[in-house]
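Top to bottom, those sequences are chains A and B. So the first sequence is residues 1 to 406, counted in our numbering. So the second sequence is residues 1 to 406, counted in our numbering. All C-beta atoms in this analysis are idealised placements derived from N, C-alpha and C, irrespective of residue type, glycine included. These notes are about the structure you will find just below.
Protein chains: 2
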Amino acid sequence: MTRTLSGDLEAAARIGALDDGGISRFAWTPELREVTQWVAQELERLGLDVETDAAGNLIGRWPAPAGKAVMAASHLDTVPHGGRFDGVLGVLGAIEAVRILRRADFEPVRPIWIAAFMDEEGSRFGTALFGSRAFCGQDVSASLDARDADGITMREAMAAQGFDGDRVGEAARVDEVGAYVELHIEQGPVLDARSERVGLVEAICGVLGYRVALDGEANHAGTTPSEMRHDALVGASRVVLALRERAAARPELSATVGRIRALPGGTNVIPGRCEFTVDLRAATAGSFEAEQVWFERMVAEVCAEEGLTSTVDCDYAVPPTPMAPEVTAAIEAAALGEGITPLRMVSGAGHDAMNVGLYAPAGMLFVPSRAGVSHSPDEWTAVEDCELGARVLADALRRLALRTDI
Amino acid sequence: MTRTLSGDLEAAARIGALDDGGISRFAWTPELREVTQWVAQELERLGLDVETDAAGNLIGRWPAPAGKAVMAASHLDTVPHGGRFDGVLGVLGAIEAVRILRRADFEPVRPIWIAAFMDEEGSRFGTALFGSRAFCGQDVSASLDARDADGITMREAMAAQGFDGDRVGEAARVDEVGAYVELHIEQGPVLDARSERVGLVEAICGVLGYRVALDGEANHAGTTPSEMRHDALVGASRVVLALRERAAARPELSATVGRIRALPGGTNVIPGRCEFTVDLRAATAGSFEAEQVWFERMVAEVCAEEGLTSTVDCDYAVPPTPMAPEVTAAIEAAALGEGITPLRMVSGAGHDAMNVGLYAPAGMLFVPSRAGVSHSPDEWTAVEDCELGARVLADALRRLALRTDI
């Protein structure tokens, strides 16, 4: 029976399936092992040399005479109650791409690697991008000691599946990669809203994660005149709106306050303190730097005007990853070959490509997410768009695997 | 030994005193009974006819030939870890006022009543203003079934002190009152900041308590462009600032958002829902009505512009209580007699006078709260200001108790 991408997506979606239509497959669980073993069989069926590396990354190699590999990858793990496309499409789409190239009797000049990275989502241990970090030779030892909700460390969970945490360093193979392409669902509403079918990612946004606390003066809501107040929530509200205004004027910037708390929290007490988070994303190195400076100055100005003090802690600052022009060009040419002019865009979400792209030329293509929904049982991408993505990926791999100059 | 107001305040502050310098005396507890009994003795020592009514209100009567009573009252219960002036000063100041009038051999034409109302704060059962509500003949039966943190009903707590909940209706005596005067600490910063010594209350603000929920669309913080967001916290921030702007332009209006929550609350998720409280206070019947209309329209407008929907629930709407010009005039004349021009102001906090004032001509005078602090061990009013307040109260009672026309 002929294997199809839609059939493969159906089959994968049954592994770790939940009653609500969602899927839960977390790092180093039986569900993730099962889907990985199933994908390994498909890779072997296509004649690839299959191995699982020391970090749990599944890699199938199509050998070729010369040069560094052209790699297509994504991940098979999910968020809790996740959807059937996020990550999986990039792996199964790469398998479909190999089928397409096999059917055309393609002979690559350079090796083609198809991979599924371990634990992109970090759902179980809070250790997102573990597999691609290890593949890139980054120090992941801290992640090995992370514990899941039951107190089990990742090291213990790996050992239960026959992996030795002390050997994850052996997974570092990114220097053998000459080009990297990742097919992914957009996870945002842009393509769907514009009826575009392919997105061409120019950069993966950098992410700044702040915890902010503003301190004013808690006082009686009834007896403190407006002009004598130092209301921390008023200050926070100004920050929320300044962030919104800033992002609205800059398409490649996003800003979100997702969590907020006013203290002491009495209905008749002026908030003396307000704590909130800020998620700032910027697509270029220049804007990533500039937004940090702007943000801290803006908070300070609001506080000066409101008679507040502020504490701004940056929990994480992951710089943007630009995609490589040569890979992006190959994806674009492949899309044009399908009669599609891809929409150039930035990725506001993180992906394995943001790690690999730091070490090797990388590119990404997006297919539409219905209504922009992801990380949900309602996540959906039309079969035709998945297939189109696989065809574009196949042709991009073909173009890159014929080049000897990169 | 001569009794003094400062000595009395010291003595009362020892009853229910806590290690942190605060005081806890709640309704129907041994601490509140002890301080009430001690005050009863002081009233008897002054020759007043003392009784405790069916609602636990302590009333001392200075008989006189004719007319309705001139009443001076406040309360002896406290908030948890409260201060030594809130409420107590109004009762002990009234005792001091009687001493002053006795020393001057004053003979009232009308009776003078000195009272301590039961449970003004509602700290134990959430039944604020219980005693004055009963005194005013309001239906307090729902309060009788309220439970404290240990599950004890007020009815049970009353019974343990020999009171019969079914008889609280007998406490209704407000129709015997011809004028009511309450001395209280300001509980706000205005007098202290302006170095004023006496505040003359023109009205007790009405209070509107709203719970508001704004609903938008939860989405990925990284992948949803600004123009496609329906961020409930952005809407809430606009409401917070609109309230602030409105109140800043209207001295007799106050507006406070004391509690706020964004949902789902992930740092990288656009808030799909935001819940917050609004405390709106207005001093006049006209503004009380107008602000309700304005508030609901403003929320609707913000939501229309942001693509949100709203639910606005009004938890309580207590209309403002105007003070009676004849009582206010007596207080003002008394203050002028002390060489003080009192500062006309509104009370943003609630007091027993807001109940009595609905049925009988009522007035209030404030003395300064250091830095505006109350409901705290740090609550402080200078001895000289307490004594001045008692002298003004004494002369106001004298003026009112000589009148036969009200």
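Endpoints, beta strand (DSSP E) assigned at residue i
i: residue 301 of chain B; result: Not the beta strand (DSSP E): residue 301 of chain B falls in the alpha helix (DSSP H), residues 285-306.
i: residue 49 of chain A; result: 49-52
i: residue 275 of chain B; result: 273-282
i: residue 135 of chain A; result: Looking at the DSSP string, residue 135 of chain A is not in any beta strand (DSSP E); the run it does join, the alpha helix (DSSP H), is 130-135.
i: residue 202 of chain B; result: 199-204
i: residue 315 of chain A; result: 309-318
CB contact check: residue i to chain B, cutoff 8 angstroms
i: residue 314 of chain A; result: no
i: residue 416 of chain A; result: Residue 416 of chain A falls outside the range modelled here, since chain A spans only 1 to 406, and no answer is possible.
i: residue 457 of chain A; result: Residue 457 of chain A cannot be examined here, being either before or after the span of chain A that is shown, 1 to 406.
i: residue 99 of chain A; result: no
i: residue 237 of chain A; result: yes
i: residue 271 of chain A; result: yes
Range covered by the alpha helix (DSSP H) that runs through residue i
i: residue 241 of chain A; result: 232-248
i: residue 38 of chain A; result: 30-45
i: residue 90 of chain B; result: 88-103
i: residue 415 of chain A; result: It is not possible to answer for residue 415 of chain A, since the shown part of chain A is limited to 1 through 406.
i: residue 154 of chain A; result: 154-160
i: residue 6 of chain A; result: 5-13
i: residue 185 of chain B; result: First-last for residue 185 of chain B: 177-185, but that is the beta strand (DSSP E), not the alpha helix (DSSP H).
i: residue 85 of chain B; result: Premise fails: residue 85 of chain B is in no alpha helix (DSSP H) and is neither H nor E.
i: residue 354 of chain B; result: 353-356
Rounded separation between residue i and residue j - CA only
i: residue 89 of chain B; j: residue 274 of chain B; result: 42 angstroms
i: residue 13 of chain B; j: residue 247 of chain B; result: 37 angstroms
i: residue 414 of chain A; j: residue 220 of chain A; result: Outside the displayed range of chain A (1 to 406) lies residue 414 of chain A, so it cannot be described from this structure.
i: residue 184 of chain B; j: residue 253 of chain B; result: 21 angstroms
i: residue 280 of chain A; j: residue 298 of chain A; result: 14 angstroms
i: residue 320 of chain A; j: residue 161 of chain A; result: 34 angstroms
i: residue 186 of chain B; j: residue 193 of chain B; result: 12 angstroms
i: residue 86 of chain A; j: residue 264 of chain B; result: 21 angstroms
i: residue 292 of chain A; j: residue 239 of chain B; result: 27 angstroms
i: residue 104 of chain B; j: residue 327 of chain B; result: 22 angstroms
i: residue 389 of chain B; j: residue 244 of chain A; result: 51 angstroms
i: residue 354 of chain A; j: residue 119 of chain A; result: 14 angstroms
i: residue 385 of chain B; j: residue 197 of chain B; result: 7 angstroms
i: residue 206 of chain A; j: residue 21 of chain A; result: 32 angstroms
i: residue 34 of chain A; j: residue 41 of chain A; result: 11 angstroms
i: residue 283 of chain A; j: residue 222 of chain B; result: 11 angstroms
i: residue 411 of chain A; j: residue 121 of chain A; result: Since the first and last residues shown for chain A are 1 and 406, residue 411 of chain A lies out of range.
i: residue 134 of chain A; j: residue 77 of chain A; result: 16 angstroms
i: residue 376 of chain A; j: residue 258 of chain A; result: 18 angstroms
i: residue 142 of chain B; j: residue 301 of chain A; result: 50 angstroms
i: residue 157 of chain B; j: residue 168 of chain B; result: 14 angstroms
i: residue 249 of chain B; j: residue 348 of chain B; result: 16 angstroms
i: residue 407 of chain A; j: residue 208 of chain A; result: It is not possible to answer for residue 407 of chain A, since the shown part of chain A is limited to 1 through 406.
i: residue 170 of chain A; j: residue 116 of chain A; result: 17 angstroms
i: residue 256 of chain A; j: residue 178 of chain B; result: 60 angstroms
i: residue 200 of chain B; j: residue 329 of chain B; result: 9 angstroms
i: residue 203 of chain A; j: residue 188 of chain B; result: 55 angstroms
Other residues of its chain near residue i: CB distance less than 8 angstroms, five sequence neighbours each side excluded
i: residue 99 of chain A; result: 3, 46
i: residue 31 of chain B; result: 15, 16, 24, 25
i: residue 38 of chain B; result: 11, 12, 15
Residue i at chain A interface by Cβ criterion, 8 angstroms
i: residue 24 of chain B; result: no
i: residue 228 of chain B; result: yes
i: residue 108 of chain B; result: no
i: residue 215 of chain B; result: no
i: residue 277 of chain B; result: yes
i: residue 320 of chain B; result: no
i: residue 208 of chain B; result: no
i: residue 103 of chain B; result: no
i: residue 224 of chain B; result: yes
i: residue 248 of chain B; result: yes
6 angstroms Cβ shell around residue i - same chain, five flanking residues per side excluded
i: residue 94 of chain B; result: 72, 114
i: residue 124 of chain B; result: 26, 27, 148
Below 7 angstroms between beta carbons is the criterion; list the residues of the segment 73-84 of chain A that meet it against any residue of chain B, in chain order.
Of all residues in the segment 73-84 of chain A, none has a C-beta nearer than 7 angstroms to a C-beta of chain B.
In the segment 369-384 of chain A, which residues sit with their C-beta less than 9 angstroms from some C-beta in chain B, listed in chain order?
Here the close residues are 369, 372, 373, 374, 375.
Can you list, in chain order, the residues of the segment 183-202 of chain A whose Cβ is nearer than 9 angstroms to any Cβ on chain B?
Listed in sequence order: 186, 187, 188, 189, 190, 193.
Against chain A, which members of the segment 250-269 of chain B pass a CB distance test of less than 9 angstroms?
Using a CB distance below 9 angstroms, the part of the segment 250-269 of chain B facing chain A consists of 250, 251, 253, 254, 255, 256, 257, 258, 259, 260, 261, 262, 264, 265, 266, 267, 268, 269, ordered along the chain.
Residues of the segment 119-148 of chain B with a CB closer than 7 angstroms to any CB of chain A: list them in chain order, please.
Cβ contacts with chain A: none found.
Members of the segment 335-367 of chain A near chain B, C-beta cut-off 8 angstroms
Result list: 347, 348, 349, 350.
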